[in-house]
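S.K.:
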Amino acid sequence: MLKKVIATLSQKFLLVLAALLLAAGTAVTFVETPSASAASASCPPQISYGSTGSWVTKLQNDLKTKENANLTADGIFGPNTQSAVETWQSSHLSQVKEVDGIVGPLTWASLNECGSTSVGTVSTPSRSGTTAVGTVSTPSRSSTITFSAGGYTLTIEHADASLQTRVAEIESIFQHSYPKIVQRFALSPTTASKHVTLLFATTYNGSSVSFAETYWSQNLVVANPVQVMASPSGMGWVTHEFTHTVQKYSVVCGSGGNGGTDWVAESLATYGDWSYSPIASYMTFTDPRAPQSTDSYKEGYGIGARFFVWLQHRYSPSLPDQVNHGCQRGTTAESTLKSVTHKTVDQLWAEYAADRSFTIALPLNG
Ligand SMILES: [Zn+2]
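Numbered by UniProt numbering, the letters in the sequence shown go through residues 1 to 366 in order.
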C-alpha cells in the first residue's frame, strides 16, 4: 500500500488548478506561479510554509515593520509567519488574490520587495517526498462536495460518477480522522488549516503502487480515480495522505529513503493511517510483517511505521511525535532519535530487527 509523492508542483498544474477553482466558483482570482522568475524576473523567490533562509528573514522583518507583526525574524517560515502573511494578504491583496499564506510575486510586490537586491537563497521543501512519479495535466471536474464538521472542510473534486461510493467513504474517513490527525501531527493545531482539497485527476499518472500524492503546502491531495477504484488495499491511503497534509516538514525528515522518498514522512503517514483510520468495512488494516533480514527502515510506509511503533514502546511513548515535530522545526529524524536514545538510526533498526518478541495489532488506537 505505497503512496508516493512527486518532486515538482508544475506551474502548468497550478494554473489548471486555478482554472478548476475558478470554474467551481471558489473565491480564487489568481494563483501565484511557483517560480517567481516565471512571473516577474525581479521579484524574490516564492516562499511558503516550511521555507527557510534569508528571504524568509527579509519577509519577517517586512511584516514586523509594515504590519507590526509579533514575529521573530529567524528565517523559518512557520505557523506564526504564515498567519502574519495571511493577515497582510487579507488587508492588501484580497481583491486580486486568494489569502493563502504563499508569498509569491504579488505578495512580494505589495511589500515593495520586487526589484530588491538579492539577499540570498531560499529552501522550500514543499512535499512529502522527492520522487517524481507522474504528471498532472488536464484534470476534469464535474462536482465539488464540501463537507464540514467541527470547522473542518473537505472539498472533493471529481468527474466520475462511479466514484460516489468512494466519495462517501472519504467523507466519513475525513470526519473521523482529520481532527485527530491535526491534533496529533500538526505543529500548531490551533492555527493549522482545517481545509483539505482532494482532486481526482484521470490524467494524474500514478503507478501500481502509487496513486495519490499530497502537496502539503496547499493541503491538496491528488489521486488517480481509476487506480483508486481498482485498489485492492482498502482506503488506508486516504488517512495516509491526510497525515501528509499536516506534516509540512521544513527539512527532509528521513533521508536516504528508497526511491528518493523521505522515509520518515512515509512511515509516519502510514502510522497516521494505522492510528486514526475508522474501523469500517471499506478499511483494510494489513498487519505488517516483522522485519526480515532484507528489510530496511528506508522502505518507509508500513515497514517504517512498525519501526516507529517499536521505538514508541521500547524507548519513549512520545518518540514519533518528537520526531514529527522536530522535522517541522528543522531537526532531522536522525538527530532527534540520537538525542533521545543516544543511538543511531541504524543501531536502533538492528535492535528492532533482533527483537523477536515484539508484536503489534492494528489498528493502533481503534
Ligand atoms: Zn505518502
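From the three backbone atoms N, C-alpha and C, an ideal C-beta is built for every residue, glycine too.
It should be emphasised that the depicted structure is a prediction, and the values quoted were computed from it without experimental measurement.
Assuming contact is defined by CB atoms lying nearer than 7 Å, are N324 and F185 in contact in what I supplied?
M.R.: Closer than 7 Å, so yes.
S.K.: What are the start and end residues of the beta strand (DSSP E) that includes F200?
M.R.: First-last of the beta strand (DSSP E) with F200: H195 to F200.
S.K.: Report buried or exposed for D62, applying the criterion of at least 16 other Cβ atoms within 10 angstroms of its Cβ.
M.R.: Flag for D62 reads buried.
S.K.: Could you say if the stretch 278-288 and the stretch 330-339 meet the contact criterion of at least three C-beta pairs nearer than 8 Å?
M.R.: The stretch 278-288 vs the stretch 330-339: no contact.
S.K.: Indicate whether T239 and Y276 have their beta-carbon atoms separated by less than 7 Å.
M.R.: Yes, the Cβ-Cβ distance between T239 and Y276 is below 7 Å.
S.K.: Here's the rule: buried if 16 or more other CB atoms are within 10 angstroms of the residue's CB, otherwise exposed. What is R166?
M.R.: That one is buried.
S.K.: Quick one: give me the first and last residue of the alpha helix (DSSP H) that T270 is part of.
M.R.: Element bounds for T270: W263 to Y276.
S.K.: In three-state terms, what does DSSP make of T155?
M.R.: If DSSP states are grouped into helix, strand and coil, T155 belongs with the strands.
S.K.: So what's S357 in DSSP terms, helix, strand or just coil?
M.R.: S357: coil per DSSP, three-state reduction.
S.K.: Using the rule of at least 16 other Cβ atoms within 10 Å of the residue's Cβ for burial, across every protein chain shown, is D346 buried or exposed?
M.R.: By the 10 Å Cβ count, D346 comes out exposed.
S.K.: Starting from the Cα of H195, find the closest Cα among S110, T146, V264 and Q322 and give me that residue.
M.R.: The shortest C-alpha separation from H195 is found at T146.
S.K.: My assumption, with CB atoms under 8 Å, is that F242 sits in contact with A223. Please give the rounded CB distance.
M.R.: F242 to A223, Cβ: 12 Å. No contact.
S.K.: If I measure Cβ to Cβ from T270 and keep anything under 6 Å in the same chain, skipping five residues before and after, which residues do I get?
M.R.: Only H240, Y301, G302 and A305 meet the Cβ criterion.
S.K.: Which residues in the same chain have their Cβ closer than 6 Å to the Cβ of R356, if we skip the five residues on either side of it in sequence?
M.R.: Cβ neighbours of R356 beyond the five flanking positions: none.
S.K.: Taking all protein chains shown into account, decide if I279 is buried (16 or more other Cβ within 10 angstroms of its Cβ) or exposed.
M.R.: When all chains shown are included, I279 counts as exposed.
S.K.: Return the CA-CA distance between E299 and Q322, expressed in angstroms with no decimal places.
M.R.: For E299 and Q322, the distance between alpha carbons rounds to 21 Å.
S.K.: In three-state DSSP terms, what is L364?
M.R.: L364: coil per DSSP, three-state reduction.
S.K.: Whose C-beta lies closer than 6 Å to the C-beta of E171 among residues of the same chain, with five residues either side of it excluded?
M.R.: Excluding residues within five positions, the ones whose Cβ falls inside 6 Å are F147.
S.K.: Examine ligand 1 and report whether any of its heavy atoms sits within less than 6 Å of the Cβ of E266.
M.R.: Yes, Cβ of E266 sits closer than 6 Å to a heavy atom of ligand 1.
S.K.: Going by the C-beta, is A269 closer than 6 Å to any heavy atom of ligand 1?
M.R.: It does: the Cβ of A269 is within 6 Å (strictly closer) of some heavy atom of ligand 1.
S.K.: Roughly how many whole angstroms lie between the Cα atoms of S162 and L220?
M.R.: Roughly 22 Å between the two C-alpha positions.
S.K.: Over the uninterrupted beta strand (DSSP E) stretch that includes V252, give me the two end residues.
M.R.: Counting along the chain, V252 falls outside any beta strand (DSSP E), and DSSP gives it neither H nor E.
S.K.: State buried or exposed for S208, treating a residue as buried only when at least 16 other CB atoms are found within 10 Å of its CB.
M.R.: No answer about S208 holds up, because its pLDDT of 48 lies below 50 and its placement is not dependable.
S.K.: Kindly give me the distance between the Cβ atoms of G75 and T57, rounded to whole angstroms, as I take these residues to be in contact under 8 Å.
M.R.: With a Cβ gap of about 4 Å, G75 and T57 count as contacting.
S.K.: Going by Cα to Cα distance, which pick from E67, A73, W263 and S231 is closest to A333?
M.R.: Of the listed residues, the one whose Cα sits closest to A333 is W263.
S.K.: Can you look up S148 in the DSSP assignment and give me helix, strand or coil?
M.R.: Looking at S148 - three-state DSSP - the assignment turns out to be strand.
S.K.: Measure from the alpha carbon of H176 to the alpha carbon of each residue in T153, V85, G259 and S316, then state which is nearest.
M.R.: Checking every option, the nearest Cα to that of H176 belongs to T153.
S.K.: If you follow the alpha helix (DSSP H) that V228 is part of, which residue opens it and which one closes it?
M.R.: Its alpha helix (DSSP H) spans residues P225 to A230.
S.K.: Can you tell me whether DSSP reads T214 as helix, strand or coil?
M.R.: Here T214 sits in strand by DSSP.
S.K.: Which two residues bound the contiguous alpha helix (DSSP H) that contains F185?
M.R.: Residues Q164 to F185.
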